[in-house]
Amino acid sequence: MREVDVAVIGAGPAGLFAAYYAGFRGLSVAVIDALPEPGGQVTAMYPEKLILDVAGFPAIKGRDLVANLVAQAAPYAPAYLLGTRAEKLSYVDGQPVLGLAGGEQLGCGAVLITGGLGSFTPRPLPAAESFVGAGIVYFVPQPAELAGRDVLIVGGGDSAFDWALALQPLARSVTLVHRRERFRAHAATVSRVLALPVRVVVNAEVTLLYGEDRVTGAEIVARGGAAETLAVDSVIAALGFTADLGPLAEWGLRLDRRHIVVDSAMATNLPRVFAAGDITEYPGKVRLIATGFGEAATAVNNAAVAIDPTAHLFPGHSSDAG
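With the UniProt record's numbering, the residue at position 89 of the sequence shown is 89, and numbering never jumps.
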């Protein structure tokens with residue numbers, strides 16, 4: 001059984017900062033996330049959007065914030081267990097043991113849940129259900145990978161329009177299809193996209209995808225109109241994500257709707273299990289990335305004392321570490 005001092009469940013901003021902070025405190029860390037890339041909701045939904053309320057950054061793109069957080073934790077070599085889920089929690093001699101999808105057991109000194117709004121599952125594109133080839137994605141960690149391609153974006157929310165803005169300078173063509181006339185995206189972002197050479201088709205749906213090994217075309221049907229075949233080689237299904245606590249809901253955690261109740265130490269009702277970030281609930285809770293960073297540091301420092309009662313709660317200032 002693999003063992004670490006702290007298992008962080010959730011690789012969003014709070015989880016990544018927790019990985020750094022645990023390393024700073026001399027603790028070994030494993031970061032677990034069901035998504036295949038670090039960054040959580042930021043990577044999945046708005047990697048190209050500017051974030052304006054992170055201290056020290058007048059403006060920073062979501063993907064750049066995630067990259068910086070990964071780089072910040074890198075000197076402490078956290079283990080990333082991506083594309084997997086923590087499914088079960090048990091205890092051996094008073095210490096948590098996580099059962100991961102696939103059967104692996106992970107022994108922990110403490111568990112820190114930073115799962116944002118829970119496990120993210122992309123809403124499926126119905127036209128893709130019978131298509132078995134490649135070329136369909138739900139988010140794009142590296143926009144440069146779609147350079148020179150004919151890209152079809154399906155959706156009308158912020159993520160769909162963010163992808164259109166990011167990919168228009170890179171792709172050979174960008175077409176955005178939305179099944180309604182009105183968009184859910186921010187009006188300013190919509191205006192920027194409409195000013196670009198991006199084809200926007202409203203009141204229409206993608207009904208069929210073509211191709212063998214990978215997608216080569218799509219059939220679009222406008223309301224009351226005839227079917228149109230469009231040549232594409234990449235499809236982004238930006239239809240949003242569903243979020244739920246998944247197996248965490250069965251662990252016996254004290255919950256307030258879909259949130260985990262914590263105290264001022266970010267401790268849950270379960271021994272050696274802490275939580276931080278958007279997934280937590282307490283009086284006066286404010287769900288911001290900036291808040292999650294402070295909660296992650298509080299949780300790690302209290303976890304350090306739970307793991308080793310002789311440790312100090314206050315770790316000293318990082319500026320003194322050199």
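Heads up, the beta-carbon is just placed ideally off N, CA and C, and yes, glycines get one too. What you are looking at is a predicted structure, and each value in this text was computed from that prediction instead of being measured.
Query	Result
Contact under 7 Å by Cβ, Gly292 with Arg214	no
Proximity below 7 Å, CB of residue 328 to CB of Val177	Absent from the model: residue 328. The displayed extent of the chain is 1 to 322, so no value can be given.
Thr207, enclosing beta strand (DSSP E) - first and last residue	Ala204 to Gly211
With 16 other Cβ atoms within 10 Å as the buried cut-off, status of Gln41	buried
Distance CB(Thr114)-CB(Val261) smaller than 7 Å	no
Status (buried if at least 16 other CB within 10 Å, exposed otherwise) for Asn269	exposed
Inter-residue CB distance, residue 332 and Pro13 (contact presumed, cutoff 8 Å)	Residue 332 lies beyond the residue range present for the chain, which begins at 1 and ends at 322; the question has no answer from this structure.
Segment contact flag, the region 251-267 with the region 221-241, C-beta cutoff 8 Å, min 3 pairs	no
Per DSSP, the bridge partner or partners of Ile60	Ile51
Assigned secondary structure, Gln41 (DSSP; H/G/I helix, E/B strand, else coil)	helix
Length-filtered (4 minimum) alpha helix (DSSP H) runs lying within the region 241-313	289-307
DSSP-derived helix/strand/coil call for Ala11	coil
Check whether Leu167 and Val190 have beta carbons under 7 Å apart	no
Residue of Ile289, Asp278 and Ile307 minimising C-alpha distance to Phe57	Ile289
Ala122 - DSSP class collapsed to helix/strand/coil	One point to set straight first is that residue 122 is Pro, not Ala, in the sequence displayed. Note: Pro122 maps to strand in three-state DSSP.
Separation of Met1 from residue 356, as counted between CA atoms	An answer regarding residue 356 cannot be provided, because it is not within the stretch 1 to 322 covered by the chain.
Coil, strand or helix - Gly23 by DSSP	helix
Whole-Å CB distance - Gly156 paired with Ala185, under 8 Å assumed	7 Å
Residues of its chain near Tyr21, where Cβ-Cβ distance is below 7 Å and the 5 sequence neighbours each way are ignored	Ala296, Ala297 and Val300
Given Ile32 as reference, the closest of Tyr46, Phe17 and Leu100 once Cα atoms are compared	Leu100
Between the CA atoms of Asn68 and Val200 - distance to the nearest angstrom	34 Å
Sequence-distant residues of the same chain with beta carbon closer than 8 Å to Glu228, five excluded per side	Glu219, Ile220, Val221 and Ala222
Residue from Ala306, Arg179, Tyr138 and Arg192 whose Cα sits closest to the Cα of Pro169	Arg192
Straight-line gap, Arg254 to Asp263 (C-alpha atoms, nearest Å)	11 Å
Enclosing alpha helix (DSSP H) for Thr175 [first to last residue]	Counting along the chain, Thr175 falls outside any alpha helix (DSSP H), though it belongs to the beta strand (DSSP E) covering Ser173 to Val177.
Complete runs of the beta strand (DSSP E) confined to the region 99-168 [at least 3 residues]	105-113, 119-122 and 150-154
Thr189 (DSSP reduced to helix, strand or coil)	helix
CA-to-CA distance, Val273 to Glu281, given in whole angstroms	15 Å
C-alpha distance - Ala249 paired with Leu98, whole-angstrom precision	14 Å
Cβ-based burial, Ser159 [other Cβ within 10 Å; buried from 16]	buried
Span separating the alpha-carbon of Leu112 from that of Ala275	5 Å
Cα-Cα separation between Phe131 and Arg180, rounded to whole angstroms	24 Å
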